[in-house]
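What follows is one structure encoded as structure tokens, with my remarks underneath.
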Amino acid sequence: MTPPSMLDIRNLNVALLNGRPILRDVSLTVAPGEVRALVGESGAGKSMIGKAVLGILPRGLKVTSGEILLEGQPLHDLRPAARRRRVAEVAALIPQDPLTALNPVRRIGAQIVDPLIKIHGWARPAAQARALDLLHRVHIRAPERVMQSYPHELSGGMRQRVLIASAFAASPRLIVADEPTTALDVTVQKQILRLIRELQQETGTAVLFVTHDMGVVAKISQQVSVLFQGKVMEDAPTQAVFDAPDHAYTRALIAATPSYADPERPFSPVPQSLIAEMSAALAMEVRR
Amino acid sequence: MNAQLNSRSLPDPSSTAPAPLVSIRGLRLSFPDQANKPLFGAAPRIEVLKGIDLDLPAGQITGIVGESGSGKSTLGRVMVRLLAPDTGTVLFDGQDIAQLDEAALRPLRRDLQMIFQDPMSSLNPRHRVWQIIAAPLRRFGLGGTRVEAVAALDKVGLGADFAERFPHELSGGQRQRVGIARAIALEPRFILADEIVSGLDVSSQAQVLTLLKTLAREMNLTLAFISHDLSVIRHLCDRVVVLYHGEILEQGPVAEVFAAPQSEITRTLLAAIPLPELDAHWFDD
Ligand SMILES: Nc1ncnc2c1ncn2[C@@H]1O[C@H](COP(=O)(O)OP(=O)(O)OP(=O)(O)O)[C@@H](O)[C@H]1O
Ligand SMILES: Nc1ncnc2c1ncn2[C@@H]1O[C@H](COP(=O)(O)OP(=O)(O)OP(=O)(O)O)[C@@H](O)[C@H]1O
Ligand SMILES: [Mg+2]
Ligand SMILES: [Mg+2]
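Top line first, the protein sequences correspond to chains E and D.
Under the working numbering, think of the first position of the first sequence as 8, with each following residue one higher.
Under the working numbering, think of the first position of the second sequence as 2, with each following residue one higher.
And the structure:
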């Protein structure tokens, strides 16, 4: 018998209270030590998948059906408090909007160290050493100073790296990384992607990696899910997706990646005709 | 450091370039280092901008690139005078605004707009999208109706149904576009855009970039565009400035700088761009 997936989402449906679907029958798995890229255009529902897993869907959105299993255990069997504890123990989120995710009136050090002590039962000196070590590893130049700083004293890229360090601090078995490198220049991005790979190989962490950058997808992931208006259009190994993408939408996403080397090639967004065709097909499904 | 400077590191006064709308000379800025503050007395200071000379030609788009923490956002905040420099001049349309107080800046505020890196933190969570866009229009006496707000939303590709939503009801990319709509609705003369498309997918990026380009041409908008995405800079900008540890390493027309980067940093940046193709050896080096 194969070991259970770290994360197993089965036929997940999420909708607004008025019934408008946000996620439609989403299924995906992430094995231990695997990176699954979750791609799709703005508003497709990528962040909501991550939030549903962590049990932090915003007010106004509801899971209407489907299940989410962590290491084979269905989460909906748990009471809310137990569910929160379980998720906090095994999973961590790198949120999409770094500034709002950090508490503006608390020092960075405390924000990394506190969860290690409170949730994971570390001793303070060990937690502090761990925080410093991880700030080093995300290439923060003066980690001691950053531990003492407040969020507004850091640059955008530094804040994002603080959240990456914080997510990895307790060696979670699952990380939901929601556009974790958008504030980073490409050299730091490469270092961070390398670090994610290292940490993942060290500890076997499974990563659900949300991104819109097909270049990043090609480098970091082994599996890809392509999302369009809340529905998974393609689910395949990364190799296959780049060798021979199955779906026209996936091909369009890859073709749309701009190239600095070729300024004559204009930005080629996904064709409106394709979007219209796919939207219409989804609307038909709903009616049926 | 000076060894790396070259002829391109100074603004080129070539006669073909339009007159600068923003002209910066000898700009220095430091922050107090609270972490190393002694028990008594003032905290030591960390210099973040170390003598910047820079011209932003009117009606052009100038890209600002550089590694994380190099001082891009800080420089941008000085341009729109959210921060005052320690020393140096910042000429806006000929007037030195470097040390003006808020009262003196008030008549200029409409023309000095900024679109932020963290969209959520700049949108009032208790206001509906249309109110967020209309509020500054009202403040500057430029109208501020729902209809005007919807028109601005349309320009960034968000339909009228977004007008009634609250910021928490939007995806990350949709929030970013609301921030853009709010700034362009004012039709300012200058916009500082700080990493505004890095969270957007390519279609939304293309739409926003086309819009900014059109605005620059048609409304003579001058734009400073901070981005770590060199593909975007290449497509959008007329000029590019490379910042490194608070100094300008090189600057010039974007085609020149990219075709023959003078500095190691620029070359490293270009080399680290992940292309959408499989490459088992990408991480080796
Ligand atoms: N509370 C809410 N009320 C109504 N609609 C919502 C709410 N929260 C999210 N949505 C909508 O749900 C859809 C999915 O949002 P989500 O944040 O998952 O998108 P995303 O794929 O992460 O996009 P991006 O790349 O822009 O971050 C969006 O169209 C968004 O407008
Ligand atoms: N209010 C502040 N107090 C103290 N230090 C600050 C403050 N604001 C910025 N800094 C420091 O100034 C340096 C430059 O920050 P800045 O935000 O300008 O960088 P950036 O080039 O925009 O980087 P990024 O690409 O990561 O956004 C950083 O080391 C940062 O920690
Ligand atoms: Mg999102
Ligand atoms: Mg910045």
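Backbone N, C-alpha and C fix where the C-beta goes; we use that ideal spot for every residue, glycine too.
Bear in mind that the values here come from a model prediction, so they are computed numbers and not experimental data.
Sequence-distant residues of the same chain with beta carbon closer than 8 Å to residue i, five excluded per side
i: Ile124 of chain E; result: Ala130, Arg131, Ala134
i: Gly40 of chain E; result: Gln207, Gln208, Gly211, Thr212, Ala213
i: Arg129 of chain D; result: Ala164, Glu165, Arg166, Phe167
i: Val198 of chain D; result: Gln177, Ser205, Gln206, Val209, Leu210, Ser228, Asp230, Val233
i: Ser54 of chain E; result: Gln103, Asp185, Val217
i: Leu171 of chain D; result: Val130, Phe163, Val179
Opening and closing residue of the alpha helix (DSSP H) in which residue i lies
i: Glu205 of chain E; result: 193 to 210
i: Thr267 of chain D; result: 265 to 272
i: Ala59 of chain D; result: Unbroken run through Ala59 of chain D: none, as it is neither H nor E.
i: Gly180 of chain D; result: 173 to 186
i: Ala89 of chain E; result: 87 to 97
i: Ala262 of chain E; result: 255 to 263
7 Å Cβ cutoff met for residue i and residue j
i: Gly67 of chain D; j: Cys238 of chain D; result: no
i: Phe216 of chain E; j: Ala44 of chain E; result: yes
i: Ala153 of chain D; j: Ala135 of chain D; result: no
i: Val33 of chain E; j: Leu19 of chain E; result: yes
i: Glu186 of chain E; j: Gly180 of chain D; result: no
i: Leu57 of chain D; j: Ala225 of chain D; result: yes
i: Ile182 of chain E; j: Ala172 of chain E; result: no
i: Met6 of chain E; j: Phe235 of chain E; result: Absent from the structure is residue 6 of chain E, since the part of chain E shown begins at 8 and ends at 295.
i: Met221 of chain E; j: Pro277 of chain D; result: yes
i: Arg168 of chain E; j: Val153 of chain E; result: no
i: Val21 of chain E; j: Leu30 of chain E; result: yes
i: Ala98 of chain E; j: Pro11 of chain E; result: no
i: Val49 of chain D; j: Gly247 of chain D; result: yes
i: Ser31 of chain D; j: Arg46 of chain D; result: yes
Option nearest residue i by Cα separation, candidates the options
i: Ser232 of chain E; options: E:Gly52, E:Gln279, E:Lys197; result: E:Gly52
i: Ser162 of chain E; options: D:Lys156, D:Ser71, D:Arg147, D:Val151; result: D:Ser71
i: Leu161 of chain D; options: D:Gln132, D:Phe141, D:Gly142; result: The sequence shown places Ala at residue 161 of chain D, rather than the Leu named in the question. Residue D:Gln132 is the option with its Cα nearest to Ala161 of chain D.
i: Leu113 of chain D; options: D:Arg78, D:Gly144, D:Ala281; result: D:Arg78
i: Met121 of chain D; options: D:Ala184, D:Val49, D:Ala207, D:Gln175; result: D:Gln175
i: Gly50 of chain E; options: D:Leu244, D:Gly158, D:Tyr245; result: D:Gly158
i: Lys226 of chain E; options: E:Gln118, E:Ser275, E:Val193; result: E:Val193
i: Arg258 of chain E; options: E:Val46, E:Val21, E:Leu14, E:Leu35; result: E:Val46
i: Asn218 of chain D; options: D:Asp202, D:Val242, D:Arg190; result: Here the sequence assigns Arg to residue 218 of chain D, which means Asn is not the residue at that position. Arg218 of chain D has its Cα closest to that of D:Arg190, out of D:Asp202, D:Val242, D:Arg190.
i: Leu332 of chain E; options: E:Ala176, E:Pro10, E:Thr245; result: Residue coverage of chain E in this structure runs from 8 to 295, which leaves residue 332 of chain E outside it and unanswerable.
i: Glu188 of chain D; options: D:Gly173, D:Leu171, D:Thr223; result: D:Thr223
7 Å CB neighbourhood of residue i in its chain, flanking five on each side removed
i: Ser16 of chain D; result: The pLDDT assigned to Ser16 of chain D is 46, lower than 50, so where the model puts this residue is not dependable; a value taken from the coordinates is nonetheless given after this. Same-chain partners within the cutoff: there are none.
i: Pro150 of chain E; result: Leu139, Leu142, His143
i: Gln5 of chain D; result: Model confidence at Gln5 of chain D stands at a pLDDT of 43, short of 50, so the residue's coordinates are unreliable; what they give is reported in the following sentence. Counting only Cβ-Cβ distances below 7 Å, and skipping sequence neighbours, we find Leu250, Ser264.
i: Asn125 of chain D; result: Ile133
i: Pro276 of chain E; result: Ala263
i: Leu14 of chain E; result: Thr36, Val37, Val60, Leu77, Leu181, Ala213, Leu215
i: Asp94 of chain D; result: Leu22
Same chain, Cβ closer than 6 Å to residue i, neighbours up to 5 away in sequence not counted
i: Ile98 of chain D; result: Arg82, Val91
i: Met115 of chain D; result: Val81, Leu193
i: Ile126 of chain E; result: Ala95
i: Ala182 of chain D; result: Ile134, Ala153, Leu154, Val157
i: Thr88 of chain D; result: Arg29
i: Met240 of chain E; result: Val233, His254, Tyr256
Reduced DSSP category for residue i - H, G, I as helix; E, B as strand; rest coil
i: Pro14 of chain D; result: Confidence at Pro14 of chain D is low in this model, with a pLDDT of 49, below 50, so the placement of that residue is unreliable and no value is reported for it.
i: Leu6 of chain D; result: In this prediction, Leu6 of chain D scores a pLDDT of 42, lower than 50, which makes its location untrustworthy; no coordinate-derived value is stated.
i: Ala44 of chain D; result: coil
i: Lys226 of chain E; result: helix
i: Ile134 of chain D; result: helix
i: Ser232 of chain D; result: helix
i: Ser162 of chain E; result: coil
i: Lys38 of chain D; result: coil
i: Tyr245 of chain D; result: strand
i: Gly89 of chain D; result: strand
i: Ser205 of chain D; result: helix
i: Glu241 of chain E; result: strand
i: Pro278 of chain E; result: coil
i: Thr223 of chain D; result: strand
i: Leu213 of chain D; result: helix
i: Asp54 of chain D; result: strand
i: Ile101 of chain E; result: strand
i: Gly27 of chain D; result: strand
i: Ile147 of chain E; result: coil
i: Pro81 of chain E; result: strand
Residue span of the beta strand (DSSP E) that contains residue i, given as start and end
i: Lys69 of chain E; result: 68 to 77
i: Phe117 of chain D; result: No beta strand (DSSP E) holds Phe117 of chain D; DSSP gives it neither H nor E.
i: Asp32 of chain E; result: 28 to 37
i: Glu251 of chain D; result: 248 to 254
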